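Residue numbers (my numbering): 1 to 565.
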């Protein structure tokens, strides 16, 4: 569905995604309340440390991996969900770990800014994004979510408070131990996040490809570094946007897009999507929407574009400097409101909505979609799947492989898991020294090359996401996931900590630096917190139910309908 949103050059403080608004609060009052809460938590943790009592951290749904038993001691941080302060001068925001992406974006847009990496689901919290390996369509520019966090406030296992742990410096080991460490190194209570200038709209171009190889080359071509002189009014505005990030001089600017990802529907059909921020759409252009219940799911909209494109492949486009300066013409171009673009996969939960709830009613029947779409937003659908046990037969596999192995890797993963479509997201390689990079859990290997530190000769990595109903049966599902993990590692890539059920502790430490991890845990008194192996095991606990698929689906539908968000 399209709607004529006024084309203005600035972003209103009213965030139009689901009519969400945020009042500007008194930063001093919020900060004082934050300090009081942190002191209270610190005292509780200090008591656990003194009594040598293990404890869990309760984040609140949907972040907790499992419900604690009645005997489990826990520290509740679910109330730490406030945006503490936005600083337009330094382009940073102080946010507590329970702040969801929708609220983080809302607070930033009030100042004409946005986080450099915004995850695709509005209900994902900052703490969850930092503690797990999280990418978005801006990752080829800005890296992972943890890469845009400039400092963190942490309560250590002995109750001490560290206010400024940074990626570099004396406490960098604490920072990287918390990043993608599943909360096993300390209790993060606040983080400073990098912001960049925001424009109201995204000009989204769709490139239909007729092979995985063509899709890989199209992604590489569209995201390749390219410095070009300014030309049109749109390009002048983009030049001002990028020069404000100090990337290039005033005369030249980085002409790469702001966002890029792809959907592989099958081995012979894929769509690469490239987004550029614009201040206003062309005159008379209607704005494409994906947030309203009557709107099409984003992936079905992309699938329709792919189906309507001619079957002739453009794989013969020359890979030369001229092809980068003058890329192939896209099959379709949309103008999308910025929040709608960021959360375009919310309705339908990437591609899994049709499979999980009512496959035959979604997403092609507008009336049924409008009625039931509210139950297939990510926060409600994911919670329903967890509570019903449907996630025990649902594939959620994320990994990262070198870009030059995408055609073979995606094909093998599709065969291993039996899941299509597959999401592809180019990811920037790390600029950190090798000694620092190898210890990052997002890279995750002492013996293998990691997800954002690609092997020699590879320019970038690509994050692969497989979401949906895979091969039936819990045992068969785990076997398929392990086969997929082997496929990724043979290609020189890595699987994220929660991307595959690594329930065996030995398997975990084959892929991560155990000696460094345990030294840092001891240094910062984190032994009372669940270890990395225990945290991964908590996720594995969910994969124990063996019920008929129809029963799991029915339970998920009932839970989604009955529970209010």
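Backbone N, C-alpha and C fix where the C-beta goes; we use that ideal spot for every residue, glycine too. Predicted model only: the values in this text are computed from it and were never measured.
Contacting residues, own chain, Cβ-Cβ under 6 angstroms from residue 408 (five flanking each side not counted) = Closer than 6 angstroms at the Cβ level, and outside the excluded window around residue 408, lies no residue.
Limits of the unbroken beta strand (DSSP E) element including residue 44 | Counting along the chain, residue 44 falls outside any beta strand (DSSP E), though it belongs to the alpha helix (DSSP H) covering 27 to 50.
CB residue 180 to CB residue 146, shorter than 8 angstroms?
-> Against a cut-off of 8 angstroms, the Cβ pair of residue 146 and residue 180 comes out as a contact.
Which residues bound the alpha helix (DSSP H) around residue 410?
-> Residue 410 -> alpha helix (DSSP H) spans 406 to 417.
Identify the residues that DSSP records as bridge partners of residue 81: which are they?
-> None, per the DSSP bridge assignment.
Alpha carbon to alpha carbon, how far is residue 270 from residue 305?
-> In this structure, the straight-line span from the alpha carbon of residue 270 to that of residue 305 is close to 10 angstroms.
If you scan the segment 92 to 158 from start to end, which runs of the beta strand (DSSP E) of 3 or more residues do you find wholly inside it?
-> Entirely contained in the segment 92 to 158, the beta strand (DSSP E) runs reaching 3 residues are, in chain order, 92 to 95, 113 to 115, 149 to 155.
What do you reckon, are the CB atoms on residue 427 and residue 140 nearer than 8 angstroms?
-> The answer is yes: Cβ separation under 8 angstroms.
Could you give the distance in angstroms between the alpha-carbon of residue 149 and the alpha-carbon of residue 57?
-> Between residue 149 and residue 57, the C-alpha separation is close to 21 angstroms.
So what's residue 170 in DSSP terms, helix, strand or just coil?
-> Secondary structure of residue 170 (DSSP, three-state): coil.
Can you tell me the Cα-Cα spacing of residue 345 and residue 421, whole angstroms?
-> In a straight line, the C-alpha of residue 345 is about 13 angstroms away from that of residue 421.
What residues are listed by DSSP as bridge partners for residue 398?
-> Under DSSP, residue 398 takes part in a beta bridge, and its partners are 465.
Go to residue 376, then tell me how far its alpha helix (DSSP H) extends in each direction, as first and last residue.
-> Residue 376 -> no alpha helix (DSSP H), and no H or E assigned at all.
Got a sec? Which residues, its chain only, sit under 7 angstroms from residue 60 by beta carbon, not counting five neighbours each side?
-> Around residue 60: 78, 98.
Are at least three pairs of beta-carbons, each pair with one atom in the segment 201 to 213 and one in the segment 268 to 284, less than 8 angstroms apart?
-> Yes, the segment 201 to 213 is in contact with the segment 268 to 284.
Do residue 187 and residue 276 have their CB atoms nearer than 8 angstroms?
-> Going by C-beta atoms, residue 187 is not nearer than 8 angstroms to residue 276.
How about residue 129 and residue 183: do their beta carbons lie closer than 8 angstroms?
-> No, the pair does not count as a contact, with Cβ atoms beyond the cut-off.
Work out the CA separation of residue 158 and residue 123 for me, nearest whole Å.
-> CA-to-CA, the gap between residue 123 and residue 158 works out to about 31 angstroms.
Taking all protein chains shown into account, do 16 or more other C-beta atoms lie within 10 angstroms of the C-beta of residue 221, making it buried, or fewer, making it exposed?
-> Residue 221 is buried by the Cβ-count criterion.
Whose C-beta lies closer than 7 angstroms to the C-beta of residue 35 among residues of the same chain, with five residues either side of it excluded?
-> If you ignore the 5 residues before and after residue 35, its C-beta comes within less than 7 angstroms of no other C-beta in its own chain.
Please determine if the segment 331 to 349 and the segment 285 to 299 are in contact, where contact requires at least 3 C-beta pairs separated by less than 8 angstroms.
-> The segment 331 to 349 vs the segment 285 to 299: in contact.
Around the Cβ of residue 76, are there at least 16 other Cβ atoms within 10 angstroms (buried) or fewer (exposed)?
-> By the C-beta density criterion, residue 76 is exposed, having fewer than 16 other C-beta atoms within 10 angstroms.
Contact check, residue 223 vs residue 267, beta carbons under 8 angstroms | The beta carbons of residue 223 and residue 267 sit no closer together than 8 angstroms.
Keeping to the same chain, check which residues put their C-beta closer than 7 angstroms to that of residue 119; ignore five residues upstream and five downstream.
-> So the qualifying residues of the chain are 101, 129, 134, 136, 145.
Compute the beta-carbon to beta-carbon distance between residue 396 and residue 351, rounded to the nearest angstrom, for a pair I have assumed lies under 8 angstroms.
-> For residue 396 against residue 351, the beta-carbon gap comes to about 11 angstroms, at or over 8 angstroms, which does not count as contact.
Which residues does DSSP pair with residue 208 in a beta bridge?
-> Partner(s): 271.
Tell me whether the beta-carbon of residue 113 lies closer than 8 angstroms to the beta-carbon of residue 196.
-> The answer is yes: Cβ separation under 8 angstroms.
Under 8 angstroms between the Cβ atoms of residue 116 and residue 93?
-> Going by C-beta atoms, residue 116 is not nearer than 8 angstroms to residue 93.
Following the continuous alpha helix (DSSP H) through residue 573, name the residue where it begins and the one where it ends.
-> In the structure displayed, the chain extends from 1 to 565; residue 573 sits before or after that span and is not available.
Element boundaries [beta strand (DSSP E), containing residue 194] = 187 to 197 is the span of the beta strand (DSSP E), which, as asked, contains residue 194.
Specify the secondary structure class of residue 423 as computed by DSSP and reduced to three states.
-> The answer is strand: DSSP assigns residue 423 an E or B state.
N- and C-terminal bounds of the alpha helix (DSSP H) containing residue 340 | Run containing residue 340: 338 to 342, per the alpha helix (DSSP H) assignment.
Selection from 413, 491, 330 that minimises the alpha carbon distance to residue 481 | Checked all of 413, 491, 330; the closest Cα to residue 481 is 413.
How would you label residue 47, buried or exposed, when you count the other beta carbons within 10 angstroms and need 16 or more for buried?
-> Its Cβ having fewer than 16 others within 10 Å, residue 47 is exposed.
The alpha helix (DSSP H) enclosing residue 522, as first and last residue numbers | Where residue 522 is concerned, the enclosing alpha helix (DSSP H) starts and stops at 514 to 523.
Which of helix, strand or coil does DSSP assign to residue 506?
-> In the three-state reduction of the DSSP assignment, residue 506 falls in the helix class, which pools H, G and I.
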